[in-house]
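Peer 1: In the numbering used here, the protein residues as written are 46 to 367.
I am attaching a structure below and will ask some questions about it afterwards.
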């Protein structure tokens, strides 16, 4: 009996550790493998900083997508909304406007697309998959209209500095990702809003019965997701020195993958901001590692697709065991 009791306690402890720190374990394992293969070049400060800079855009989008998945929904419009916001930002990022204008325009346009998504999902009862799929197409079309189907450039030095400058050796984009991760941590774990989000994802009917205004919360969730994409577009536009209607292709899938790798469950009610950010870094390590191993881009897409399927399968297996 004592042996069975110890085994059950060990199994419970192991499950708790993997649920909380599984993403850390995966990240450390991947970094160890890449270090053994490529030596200290992989762990160089320059390479790790480059990974963090590259993943800051996806990481910020993923935080917003995480909210929608926790509520039991999803957001497939992130990549196209990124392109739209980028083109709008680029339109205002020249000398005729102060820096605050392109910054706010990107975030506001992103929030507006999220508001439309949230309104029709919450009040029109349109399934999140269908609504955000429609927005994905509409936003891409609007990006082409705004940009006249070509890149927009010619920005001010102040705007370009957002993507180029560093504080204490860390790019501004990475600081923004860290700040957003901290903000989402407090939003989800230290506020009533976070409690409502988890409750809706756990059981939407029970949440309604308990007095939670599900429609308002869902609308806010998708608006926040859109605003996150607008912020990500600001970083990308400044870093690449152009607004481009072709930006963001397949970014929505990368963002969802970051969430699932980070332990966010497609069934809703489960998700952590820190783990999602680590999930983004894991994807960055994977991409960087494949590039260092000289795997061609087409094969990289196949591998990423396999990672998405594997992550979903593991999530389903975990849910069945629970």
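Heads up, the beta-carbon is just placed ideally off N, CA and C, and yes, glycines get one too.
Which residue wins for smallest C-alpha separation from residue 350, given the options 308, 148, 328, 334?
Peer 2: Nearest option by C-alpha distance: 328.
Peer 1: On the premise that residue 96 lies in contact with residue 330, defined as a C-beta separation below 8 Å, what is that separation, rounded to the nearest angstrom?
Peer 2: Going by Cβ atoms, the distance from residue 330 to residue 96 rounds to 6 Å, so yes, they are a contact pair.
Peer 1: What separation, rounded to the nearest whole angstrom, lies between the Cα atoms of residue 118 and residue 173?
Peer 2: Straight-line Cα distance between these residues: approximately 6 Å.
Peer 1: Have a look at residue 187 and residue 78 and give me their C-alpha separation to the nearest angstrom.
Peer 2: If I take the Cα positions, the gap works out to 43 Å.
Peer 1: Name, in chain order, the residues that DSSP records as bridge partners for residue 308.
Peer 2: DSSP output for residue 308 lists no bridge partner at all.
Peer 1: Considering only the alpha carbon of each residue, which of 100, 152, 89, 197 lies closest to residue 291?
Peer 2: It is 197.
Peer 1: Are the CB atoms of residue 154 and residue 180 nearer to each other than 9 Å?
Peer 2: Not closer than 9 Å, so no.
Peer 1: Name the DSSP bridge partner or partners of residue 216?
Peer 2: Note: residue 216 sits in a beta bridge opposite 211.
Peer 1: Pick out whichever of 225, 259, 107, 211 has its Cα sitting closest to the Cα of residue 240.
Peer 2: With distances taken between Cα atoms, residue 240 lies closest to 259.
Peer 1: Secondary structure at residue 197, three-state DSSP: helix, strand or coil?
Peer 2: Looking at residue 197 - three-state DSSP - the assignment turns out to be strand.
Peer 1: Which same chain residues, not among the five before or five after residue 107, have their C-beta less than 6 Å away from its C-beta?
Peer 2: Hits under 6 Å: 300, 303, 304, 321, 325.
Peer 1: Restricting to Cα atoms, I'd like to know which of 269, 122, 210, 280 is closest to residue 228.
Peer 2: The residue with the shortest Cα to Cα distance from residue 228 is 269.
Peer 1: Per DSSP, which residues does residue 288 bridge with? Please list them.
Peer 2: Partner(s): 197.
Peer 1: What are the start and end residues of the alpha helix (DSSP H) that includes residue 98?
Peer 2: From DSSP, the alpha helix (DSSP H) with residue 98 extends over 90 to 115.
Peer 1: Note down, in chain order, each residue of its chain lying with its Cβ closer than 8 Å to the Cβ of residue 261, except the 5 sequence neighbours on either side.
Peer 2: Excluding positions up to five away in sequence, the list reads 167.
Peer 1: Is DSSP giving residue 133 helix, strand or coil here?
Peer 2: Note: residue 133 maps to helix in three-state DSSP.
Peer 1: If you compare alpha carbons, which of 306, 201, 313, 339 is closest to residue 355?
Peer 2: Checked all of 306, 201, 313, 339; the closest Cα to residue 355 is 306.
Peer 1: Residue 237 lies in the alpha helix (DSSP H); which residues open and close that run?
Peer 2: It spans 237 to 247 - the alpha helix (DSSP H) in which residue 237 sits, taken as one unbroken run.
Peer 1: Cutting at 8 Å between CB atoms, please list the residues of its own chain near residue 288, excluding the five before and the five after it.
Peer 2: Cβ neighbours of residue 288 beyond the five flanking positions: 131, 132, 133, 134, 135, 136, 138, 192, 196, 197, 198, 282.
Peer 1: Please return the same chain residues whose Cβ sits closer than 6 Å to the Cβ of residue 129, not counting the five positions on each side in sequence.
Peer 2: Around residue 129: 184, 187, 188.
Peer 1: Compute the Euclidean distance between the alpha carbons of residue 203 and residue 144, then round it to the nearest angstrom.
Peer 2: Distance between the alpha carbons of residue 203 and residue 144: 7 Å.
Peer 1: Which residues in the same chain as residue 215 place their Cβ atom closer than 8 Å to its Cβ, once the five residues preceding and following it in sequence are excluded?
Peer 2: The answer, listed in chain order, is 94, 97.
Peer 1: Identify, in the order they occur along the chain, each residue of the same chain with its Cβ nearer than 7 Å to the Cβ of residue 230, setting aside the five sequence neighbours on each side.
Peer 2: Only 318, 319 meet the Cβ criterion.
Peer 1: Looking at residue 115 and residue 369, is the spacing between their C-beta atoms short of 9 Å?
Peer 2: This structure does not reach residue 369, given that the chain is present from 46 up to 367, and the question cannot be answered.
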